Structures are given as C-alpha cells and as structure tokens.
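Residue numbers (my numbering): 472 to 744.
The structure is reproduced here in structure tokens:
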C-alpha cells in the first residue's frame with residue numbers, strides 16, 4: 472500500500488483530541504472493560520493484574536531459570552535471546568497480516584470460533600480490553616513454535632529455554648504497547664506516538680495496511696505502511712474484516728457465535744467524543 476499525505480481523525484489518536492471512539496454509544500453501554508474510558512492508572516492496574524500477563528511473567532521466569540541451570544557458557548543463551556528479539560517483529564507482522572487478516576479461518580467450522588476470539592471481536596470493538604489480549608491457548612504454542620527451534624539451534628536446551636523466556640517477555644511488551652494504542656491517552660514517547668497513530672489508522676481507516684504493532688519495519692519492507700490517511704481510501708470492512716452479510720450466509724459459524732452482530736459499514740461512522 473503506497474504511503475500518502477495528510478491525516479484523518481482516525482489516525483489522530485495520539486494528538487490532543489485523543490483516539491477516535493464509536494459514535495454509536497449504545498454499542499458500549501454498560502461495559503466495564505472499555506479502554507476508551509480508562510485512565511492510565513486504570514490500565515496499569517488492569518494490565519499487571521491480568522492473568523494472561525501474569526502467565527507470561529511466570530513463563531519467562533521458568534524459561535530463564537532453566538536457561539541458567541542448563542547453560543555451560545553465557546553466550547549461546549544470549550545469542551538465542553538476540554535472535555528472538557530480531558525475529559519477533561517479522562513474526563508479528565506475518566501472523567497479523569497472513570493469519571489474523573486471512574479469510575480462511577472463518578470459512579471452516581473448526582476454526583471459526585478461534586478466528587472470532589483472536590481477531591474478529593477485537594476489530595468489531597477495538598476498545599474492549601477483554602478481547603485485546605491474545606488467548607493463551609493460541610499465544611503460548613506460537614511463542615514456543617517460533618522461539619524454541621531458534622534457541623535450540625544455537626544453544627541446545629539452554630538456548631531454547633532462554634529464547635522461550637525472551638519470547639514471553641517480548642509478547643508482554645507487545646501487549647502493553649497494544650493497550651496503549653487503544654487507550655485514551657497521549658503517550659510522551661515519540662515511538663509510542665508513532666505506532667499508536669499507525670495502529671489506530673489500521674483499526675479506523677483501512678485494515679489492509681499498518682500490520683505492525685511494535686514496529687513499522689516490515690510494513691515498510693512489504694509496502695503496507697501508510698503514514699497518512701489522505702490518498703488511502705477508507706475501507707468498508709475495517710470493522711468486520713470482510714466477514715460481510717454475504718460471507719455470513721455462506722459461512723454462518725462466526726455469526727452464530729456473535730448473535731448476528733458484525734458491525735458493517737465504513738469508518739466514517741467513527742467520530743470523536
């Protein structure tokens with residue numbers, strides 16, 4: 472996707488007005504996990520007490536402890552950690568673009584509920600903290616699949632343990648950045664400002680770009696980065712990820728699990744409070 476100039480309200484989330492929120496307030500009525508209404512203190516409390524984040528911390532501690540116990544020398548585990556850190560942004564990009572935004576998961580009964588939980592629900596309501604974090608039954612195997620072979624190749628079981636620990640900490644950082652991107656809060660860090668602007672455009676302008684959450688490097692490499700929204704047409708499937716009424720008739724399983732709620736329409740339904 473080519474870069475363009477200018478900027479819409481959808482990507483102005485780190486400016487003075489705060490991130491865009493859904494105009495249809497009835498969609499969020501009565502919710503207790505609404506990131507658009509949380510303060511930074513609320514988020515920090517919710518984040519560090521969340522069972523998913525605590526699980527990652529335990530995984531990192533166990534992996535790090537095993538790496539120390541099994542390491543004959545410090546270098547192989549350190550190399551494994553470095554390789555994990557280098558590979559993570561590519562894995563993040565590839566999984567987001569090819570798997571989460573792929574349309575094959577909702578077309579099978581066995582994987583429809585998986586896709587609904589790990590991404591459809593998040594795009595349908597980007598401010599719901601309950602579906603912001605990845606589901607452990609998907610993230611833990613993915614962390615292991617990516618990190619363990621790399622670590623084992625350079626450092627055996629010590630390297631594999633170190634890489635797994637690093638992956639657990641990195642995904643915790645990923646989840647924190649992702650939370651900040653959806654919080655009504657203007658971060659002071661230029662890095663956080665930039666990735667927040669890009670990610671809000673992904674959610675509220677056009678979902679077929681800006682796939683990176685913690686890095687824009689691979690979006691730039693593969694031509695899916697757009698710095699501004701002017702010149703990039705708004706997407707009519709930004710909330711339903713292509714699971715339209717027509718698709719729901721052909722593949723009804725996600726619709727059945729969602730009680731028919733899809734949030735069709737284009738991002739011009741989105742405004743600011």
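The beta-carbon is built from N, C-alpha and C at its ideal position, and this holds for glycine as well. Computed from a predicted structure; not experimentally measured.
Query: Are residue 625 and residue 551 touching if we call contact CB-CB under 7 Å?; Result: yes
Query: Using the beta-carbon count (16 or more within 10 Å), is residue 660 buried or exposed?; Result: exposed
Query: Write down the C-beta distance between residue 548 and residue 542 rounded to the nearest angstrom, noting that I regard them as a contact closer than 8 Å.; Result: 5 Å
Query: Would you call the CB atoms of residue 602 and residue 594 closer than 7 Å?; Result: no
Query: In chain order, what residues of the same chain have a beta carbon less than 7 Å from the beta carbon of residue 623, not counting five sequence neighbours either side?; Result: 630 and 631
Query: According to the neighbour-count rule (16 or more other Cβ atoms, all chains shown, within 10 Å of its Cβ), is residue 481 buried or exposed?; Result: In this prediction, residue 481 has a pLDDT of 42, which is less than 50 and means its spatial position is unreliable; nothing more can be read from the coordinates.
Query: What's the call for residue 512, buried or exposed, on a 16-neighbour Cβ count within 10 Å?; Result: exposed
Query: Mind checking which residues open and close the alpha helix (DSSP H) that includes residue 543?; Result: Element bounds for residue 543: n/a, residue is neither H nor E.
Query: Ordered along the chain, which non-local residues of its own chain (more than five positions away) have a Cβ less than 6 Å from that of residue 497?; Result: For residue 497, the predicted model reports a pLDDT of 36, less than 50, meaning its position is unreliable and no value from the coordinates is stated.
Query: From residue 634 to residue 545, what does the alpha carbon distance come to, in whole angstroms?; Result: 13 Å
Query: What residue range is occupied by the uninterrupted alpha helix (DSSP H) comprising residue 630?; Result: 607-653
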